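Keeping their order, the protein sequence lines are chains A and B.
Following our numbering, the numbering of the first sequence begins with 1 at its first residue and continues without gaps.
Following our numbering, the numbering of the second sequence begins with 111 at its first residue and continues without gaps.
This report refers to the structure that appears directly beneath it.
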Amino acid sequence: MRLTCPLCGSRDRREFTYYGDAVYASRPGPDAPPEAWDAYLHLRDNPAGETRDLWYHEMGCSAWIEVTRDTVTHAVGATRLIAERGGGRASGAGSPAKKKAPSKPRGGRA
Amino acid sequence: MRYSGFRVLTEGLSGNKGWRPVWRDPAPKPDYDIVIIGGGGHGLSTAYYLAKNHGLTNIAVLEKGYLGGGNVGRNTTIVRANYFLPGNQEFYSHSLKLWEGLESELNYNVMHSQRGLINLFHSDGQRDAFARRGNAMVGQGDDAELLDREGVRRHLPYLDFEQTRFPIYGGLLHRRGGSARHDAVAWGYARGADGRGVDLIQNCEVTGIDITGGRVTGVQTTRGAIRAKKVGIIVAGRSGQVAAMAGMRLPVESHILQAFVTEGLKPVIDHVVSFGMGHFYISQSDKGGLVFGGDLDFYASYAARGNLPMVEHVMEAGMTLMPMIGKAKVLRSWGGIMDMTPDGSPVIDKTPVEGLYIDCGWNYGGFKAVPASGWCMAHLMATGESHAYAGRFRLDRFATGHLLDEEGTGSQHNLH
Ligand SMILES: Cc1cc2nc3c(=O)[nH]c(=O)nc-3n(C[C@H](O)[C@H](O)[C@H](O)COP(=O)(O)OP(=O)(O)OC[C@H]3O[C@@H](n4cnc5c(N)ncnc54)[C@H](O)[C@@H]3O)c2cc1C
Ligand SMILES: [Zn+2]
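Shown next, in the form of structure tokens:
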């Protein structure tokens, strides 16, 4: 799988860290009700088909990218910088670009 | 038809002509007391315990493909009870006890083998964490032994004890942990449920859930409409889509997990070995194949097949730990769709729709849970009350903050 970074071009999937559904770019405002936080943090449409998710170009330019992807075929469609995404974000929203990408050592067990 | 040594002998002497299909292939009836969506391990065990423990038999299990064609037949078969958190502990402890009696319970050889599971650790901090986990397991009434480096060497002399990236400090040995034959578990429960009158209906995909006035009344399927007083959604990786038929959004994201098997070899690996730091675990099947795997591919997927970077990563980790496997040839690799929750623990609960229940969110640990999940889901569907062992597997725990984050990795679907 290759992803197209809008700044660096087509790159190997290994250069990127997956963060999750694009809903993460729409952080609720500080005054939002608990239900909005639950939806933001936990609840997912989880589509079989087209989805939009957030990737961090960790081993490249450090940009956060929204990728349109097919979860059934793994085909990758349009990509754009979160910084240019604009709109859709509640007021007072924090930018995911300020978060560190997850890098905790994890247990491989099943 | 009961299986026994005598039966095998007499069939063998009479040309094996007496064996019969193990379950019926009934057409769906227009109405049932209970419909279970999903004929995987959990759906089948739920149907079995509804019949066995609660005397309910007017039940259909609806499976869109064939019985055991989902994750129950794609996993790497590790069975263990080494959980730490109250809520998980008593559940997996109960499950392991059910495993220990499963073959006589089902009169079916599920090849449950308690060959011992060793979780390796590679630092002082990790040793402390495993000592604490081991104490919790012993406190729960299960078994755990902390091994030092020499203790590990006695069990697993073939590991590379010289490698410096992750030096082996010791391991936590769980002697009652082990593996089982995955499809046999599905077949054993299927046969047991069918024998008690449950209709197992294959090639029957549920396409809609009928709800009237906040109450479930039945399902739409590719084989027609079926009315039901109660419906259980037990579809693992497809949970999000089936729940959406009832207007629900779940705390679940589906991810892909890969696994691998080599050509058959003579016995070399006696235990289940888990190398968490390298994201690698391995055991040897009774046929001789080395069965191993690692971590998720990390992105949401329904493809049931993974990408090459994780293949390479798993192979590298295996070579780091036990270079002796380097000459074994990999026969096959595959993937399964995992229903990942943000805290890594499952859900066995009612839904906001009356009569509609859900059992999901098994992440990559749901094989060992098949007996207890069926036991607790059956209890919930029969009585309307959560079973004590599954009382914390609530659907609303994310909203209320009562998370069960066994690994302490936080609220993200791909971090467990
Ligand atoms: C590679 C891999 C390794 C794993 N290793 C382990 C391990 O070592 N130990 C462990 O404990 N767990 C392990 N797991 C996890 C375990 O396999 C799963 O958590 C568990 O099998 C899921 O429950 P199930 O058996 O009911 O799922 P499934 O067998 O997937 O059953 C769900 C069924 O629902 C059916 N279905 C879906 N949608 C519909 C519909 N609309 N209508 C009708 N039917 C439908 C599907 O066809 C499927 O048969 C592993 C998983 C994978 C993929
Ligand atoms: Zn870039």
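Ideal placement from N, C-alpha and C gives every residue a C-beta, glycine not left out.
From a predicted model like this one, the values you see are computed outputs, not experimental measurements.
Does the beta-carbon of residue i, which I'm using as the reference point, lie nearer than 7 angstroms to any heavy atom of ligand 1?
{"i": "alanine 410 of chain B", "result": "no"}
{"i": "glutamine 394 of chain B", "result": "no"}
{"i": "histidine 152 of chain B", "result": "yes"}
{"i": "phenylalanine 477 of chain B", "result": "yes"}
{"i": "valine 352 of chain B", "result": "yes"}
{"i": "glutamine 368 of chain B", "result": "yes"}
{"i": "isoleucine 147 of chain B", "result": "yes"}
{"i": "valine 424 of chain B", "result": "no"}
{"i": "asparagine 417 of chain B", "result": "no"}
{"i": "isoleucine 468 of chain B", "result": "no"}
{"i": "arginine 184 of chain B", "result": "yes"}
{"i": "leucine 172 of chain B", "result": "yes"}
Let me know the secondary structure DSSP gives residue i once reduced to three states.
{"i": "alanine 369 of chain B", "result": "strand"}
{"i": "tryptophan 129 of chain B", "result": "coil"}
{"i": "glutamine 250 of chain B", "result": "helix"}
{"i": "lysine 98 of chain A", "result": "With a pLDDT of only 42 at lysine 98 of chain A, under 50, the local geometry of the prediction cannot be trusted, and no value is derived from it."}
{"i": "leucine 406 of chain B", "result": "strand"}
{"i": "histidine 423 of chain B", "result": "helix"}
{"i": "arginine 89 of chain A", "result": "In this predicted model, arginine 89 of chain A has a pLDDT of only 45, less than 50, meaning its place in the structure is not dependable enough to derive any value."}
{"i": "methionine 432 of chain B", "result": "coil"}
{"i": "tyrosine 499 of chain B", "result": "helix"}
{"i": "aspartate 21 of chain A", "result": "strand"}
{"i": "methionine 387 of chain B", "result": "helix"}
{"i": "glutamate 215 of chain B", "result": "helix"}
{"i": "aspartate 304 of chain B", "result": "helix"}
{"i": "leucine 441 of chain B", "result": "strand"}
{"i": "isoleucine 82 of chain A", "result": "helix"}
Compute the minimum distance between the beta carbon of residue i and the heavy atoms of ligand 2, and state whether it is under 7 angstroms.
{"i": "leucine 7 of chain A", "result": "yes"}
{"i": "cysteine 314 of chain B", "result": "no"}
{"i": "histidine 61 of chain A", "result": "At residue 61 of chain A the sequence reads cysteine, which differs from the histidine that was named. Under cutoff, so the answer is yes."}
{"i": "histidine 204 of chain B", "result": "no"}
{"i": "histidine 57 of chain A", "result": "yes"}
From what residue to what residue does the beta strand (DSSP E) around residue i run?
{"i": "leucine 154 of chain B", "result": "Where leucine 154 of chain B is concerned, there is no enclosing beta strand (DSSP E), although the alpha helix (DSSP H) it sits in stretches over 151-164."}
{"i": "leucine 54 of chain A", "result": "50-56"}
{"i": "phenylalanine 231 of chain B", "result": "227-231"}
{"i": "arginine 67 of chain B", "result": "The question about residue 67 of chain B has no answer here: the residues shown for chain B are numbered 111 through 526."}
Which residues does DSSP pair with residue i in a beta bridge?
{"i": "cysteine 470 of chain B", "result": "B:Val457"}
{"i": "cysteine 5 of chain A", "result": "A:Gly9"}
{"i": "serine 289 of chain B", "result": "B:Ile188 and B:Ser223"}
{"i": "tyrosine 142 of chain B", "result": "B:Ala338"}
Can you tell me where the alpha helix (DSSP H) with residue i in it begins and where it stops?
{"i": "valine 118 of chain B", "result": "115-123"}
{"i": "glutamate 492 of chain B", "result": "The sequence given here places alanine at residue 492 of chain B; glutamate does not occur at that position. Start and end: 480-493."}
{"i": "isoleucine 260 of chain B", "result": "The question names isoleucine, but residue 260 of chain B is glutamate in the sequence shown. Start and end: 259-265."}
{"i": "alanine 509 of chain B", "result": "507-510"}
{"i": "tyrosine 40 of chain A", "result": "34-41"}
{"i": "glutamine 199 of chain B", "result": "199-210"}
{"i": "alanine 354 of chain B", "result": "349-354"}
Quick check: does the Cβ of residue i come within less than 7 angstroms of any heavy atom belonging to ligand 4?
{"i": "arginine 442 of chain B", "result": "Annotation note on ligand 4: not contained in the displayed structure, which lists ligand 1 and ligand 2 as its ligands."}
For a contact defined as C-beta to C-beta under 8 angstroms, what are the partners of residue i on chain D?
{"i": "proline 377 of chain B", "result": "Absent from the structure is chain D; the protein chains it does hold are A and B."}
> When you check each C-beta in the stretch 38-67 of chain A against every C-beta of chain B, which residues fall closer than 7 angstroms?
Replying inline: Asp38, Leu41, His42, Leu43, Arg44, Asp45, Asn46, Ala48, Thr51 and Asp53
>> Can you pull out the residues from the stretch 2-16 of chain A whose beta carbon lies closer than 7 angstroms to at least one beta carbon of chain B?
In response: Arg13 and Arg14
> Quick one, which residues of the stretch 503-526 of chain B are near chain A if we go by CB-CB under 7 angstroms, in chain order?
Replying inline: Phe508, Ala509, Glu517, Thr519, Ser521, Gln522, His523, Asn524 and Leu525
>> Using a Cβ-Cβ cutoff of 7 angstroms, what residues of the stretch 409-424 of chain B are near chain A? List them in chain order.
In response: Tyr409, Ala410, Ser411, Tyr412, Ala413, Asn417 and Pro419
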